[in-house]
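Trainee:
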Amino acid sequence: MYIVFQMSNVIRYEMSLIIKALGTPGIKDALKRHLKGMLDNGAHLFNVENLGLRRLPNVFHVQGERQYEGHYFLINFNAPHDSLNQIRKMARKDSDIIKCFAALKDDGWVPPCSLPNAANCEFGEIRNPNYEKTARRRHGYRLY
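Take a look at the structure:
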């Protein structure tokens with residue numbers, strides 16, 4: 012017996028998740044809780060990658076506590092568009108999750124310059140910019 016999923020409104024996403032710097036059991040519990048909530052909302056998980064403990068770029072305040080470090084995780088999954096809002100809302104309510112970002116995973120894009128028959132790419136750069144000469148002349152507030 013085979014189960015067939017209807018994949019018409021399912022979209023591929025990539026989610027980065029930052030969990031508080033807890034001990035190993037606390038991190039496991041928080042990650043299990045989040046992944047179980049994703050599965051309950053109709054997501055199909057493909058990959059969960061642990062990027063390790065890192066210092067946060069900014070100080071985040073979670074439930075009145077300052078967070079300086081966090082465990083980063085990268086999750087690849089398929090989910091209906093409607094369930095993504097529920098997953099984000101669930102992550103915002105969780106006290107162990109600092110941040111949760113989700114973006115579309117677009118695997119089909121290829122840079123145009125890497126195609127086999129592509130000519131040299133020009134991205135609109137100025138060939139010989141003249142900014143060094145003009146920067147020397149501009150001295151003072153009024154000349155800008």
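This note's numbering applies: residue 12 is where the sequence shown begins, and numbers increase by one.
For every residue, glycine included, the Cβ atom is placed at its ideal position computed from N, Cα and C.
On the DSSP bridge assignment, give the partners of I77 in chain order.
Mentor: Position 66 of the sequence shown, counted from the first residue, corresponds to residue 77. The question names Ile, yet the displayed sequence has Arg at residue 77. Looking at the DSSP assignment, R77 forms a beta bridge with H72.
Trainee: Considering only residues of the segment 89 to 117, which uninterrupted beta strand (DSSP E) runs meet the minimum length of 3 residues and lie entirely inside it, listed in chain order?
Mentor: Whole beta strand (DSSP E) segments, 3+ residues: 108 to 115.
Trainee: Within the continuous alpha helix (DSSP H) that includes L42, where are the two ends?
Mentor: Here residue 42 corresponds to residue number 31 of the sequence shown, with the count starting at 1. Where L42 is concerned, the enclosing alpha helix (DSSP H) starts and stops at 35 to 51.
Trainee: Does the separation of the CB atoms of E25 and L85 fall below 9 Å?
Mentor: In the sequence shown, counting from the first residue as 1, residue 25 sits at position 14. In the sequence shown, counting from the first residue as 1, residue 85 sits at position 74. Yes. Within cutoff.
Trainee: State yes or no: is the C-beta of F112 within less than 9 Å of the C-beta of L28?
Mentor: Taking the sequence shown and counting its residues from 1, one reaches residue 112 at position 101. Taking the sequence shown and counting its residues from 1, one reaches residue 28 at position 17. Yes, the Cβ-Cβ distance between F112 and L28 is below 9 Å.
Trainee: Of all the options E76, A90, I30, K104, which has the alpha carbon lying nearest to the alpha carbon of L56?
Mentor: Along the sequence shown, one-based indexing puts residue 56 at 45. If we check each option's Cα against that of L56, A90 comes out closest.
Trainee: Is it right to say L42 is buried, meaning 16 or more other beta carbons lie within 10 angstroms of its own, or is it exposed?
Mentor: By 1-based counting over the sequence shown, the position of residue 42 is 31. So L42 ends up on the buried side.
Trainee: Contact defined as beta carbons within less than 8 Å: I believe I108 pairs with H45. What is the distance between those atoms, to the nearest angstrom?
Mentor: Taking the sequence shown and counting its residues from 1, one reaches residue 108 at position 97. Taking the sequence shown and counting its residues from 1, one reaches residue 45 at position 34. Right, the Cβ-Cβ distance comes to about 7 Å (below 8 Å), so this counts as a contact.
Trainee: In angstroms, rounded to a whole number, what distance separates the CA positions of A102 and N20?
Mentor: In the sequence shown, the residue the question calls residue 102 occupies position 91. In the sequence shown, the residue the question calls residue 20 occupies position 9. Each residue's alpha carbon lies about 22 Å from the other.
Trainee: Can you grab the Cα-Cα spacing for the pair S125 / S106, in whole Å?
Mentor: Mapped onto the sequence shown, residue 125 falls at position 114. Mapped onto the sequence shown, residue 106 falls at position 95. Distance between the alpha carbons of S125 and S106 is about 45 Å.
Trainee: Which residue marks the beginning of the beta strand (DSSP E) containing S27, and which one marks its end?
Mentor: One-based indexing of the sequence shown puts residue 27 at position 16. From DSSP, the beta strand (DSSP E) with S27 extends over 21 to 31.
Trainee: From this set, H92, L62, K100, which residue's C-alpha is nearest R23's C-alpha?
Mentor: Taking the first residue of the sequence shown as position 1, residue 23 is located at position 12. Looking at the Cα atoms, H92 is the closest of the given residues.
Trainee: On the DSSP bridge assignment, give the partners of L64 in chain order.
Mentor: Translated into the one-based positions of the sequence shown, residue 64 becomes position 53. Answer by DSSP bridge pairing, in chain order: H82.
Trainee: Nearest to K100 by alpha carbon, out of G34, L33, G37, M49?
Mentor: In the sequence shown, residue 100 corresponds to position 89, counting from 1. The shortest C-alpha separation from K100 is found at M49.
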